[in-house]
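Residues -25 to -1, 1 to 121 (mature numbering (1 follows the signal peptide of the UniProt record, and there is no 0)) make up the sequence shown, in order.
Note that beta-carbon positions come from the ideal geometry of N, C-alpha and C, so glycine has one too.
All of these numbers come straight from a predicted model, not from anything done at the bench.
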Amino acid sequence: MKFRMHLLSYAALSVVLSLVSGATAAEPKPVEEDMHEFMEYVFQPTYKRLKPAMASQPKDNGVWKEIKSTSLIMAEGGNLLLIRAPEKDVSAWNEYSVAVRDLGGDLYRAAQKKDYAAATTHYKAMLTKCNSCHDKFAHGEHQLSP
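(1) Could you check what DSSP says for R24 in three-state terms: helix, strand or coil?
(2) In or out: H11 buried (at least 16 other Cβ within 10 Å) or exposed?
(3) Where do the N-terminal and C-terminal ends of the alpha helix (DSSP H) with Q87 fall, by residue?
(4) When we look at the beta-carbon of G52 and count the other beta-carbons within 10 Å, is it buried (16 or more) or exposed?
(5) Considering only the alpha carbon of each residue, which of S107, L25 and V6 lies closest to A67?
(6) On the three-pair Cβ rule with 8 Å, is the region 77 to 96 touching the region 55 to 64?
(7) Do H97 and A85 have their C-beta atoms within less than 8 Å of each other?
(8) Rounded to whole angstroms, what's the CA-CA distance from A30 to H117? Just pull it up for me.
(9) Would residue 179 be called buried (16 or more neighbouring beta carbons within 10 Å of its own) or exposed?
(10) Distance, Cα to Cα, L25 vs V73?
(11) Suppose the cutoff is 8 Å on Cβ atoms and the five residues either side in sequence are ignored; what does the same chain contact list for K99 look like?
(12) How is I58 classed by DSSP in three states: helix, strand or coil?
Set out below in structure tokens:
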């Protein structure tokens, strides 16, 4: 009984200390702070794999698997963008990040169904949002094409 009370006290103290400090190891935090580096090594290679896979109706499961993999990475990348908000225009940043996440998720689900028409629609819509974000935050550089 004494051990259980000691354990509960320790757990409560740990919670209080983590709340007071404001940070825990479980909080998301960027590994790479530089946005250009992040985009170059997370999004660019993924886009470069997705573009040829989406160029025409996939003929085999390997291409569908590539579309599913890359679209899921793009979608989850949208979540990663949310923890990298700039100092200015945070609401616009969040809007674009959520759009990439949601449209990438839609593309992923279309690929699961092997629905090329829907996949193409979601892919193009996602790239439009990427380009809009690049217009706003990268001075129009790094425009993507389907």
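Well, looking at it:
(1) Under the three-state reduction of DSSP output, R24 falls in the helix class.
(2) exposed
(3) Run containing Q87: V65 to Q87, per the alpha helix (DSSP H) assignment.
(4) buried
(5) S107
(6) Fewer than three Cβ pairs drawn from the region 77 to 96 and the region 55 to 64 lie within less than 8 Å of each other, which leaves the two stretches out of contact.
(7) yes
(8) Distance from the CA of A30 to the CA of H117, rounded to the nearest whole angstrom, comes to 19 Å.
(9) Coverage of the chain is limited to positions -25 through 121, which leaves residue 179 absent and any answer about it impossible.
(10) 19 Å
(11) P121
(12) coil
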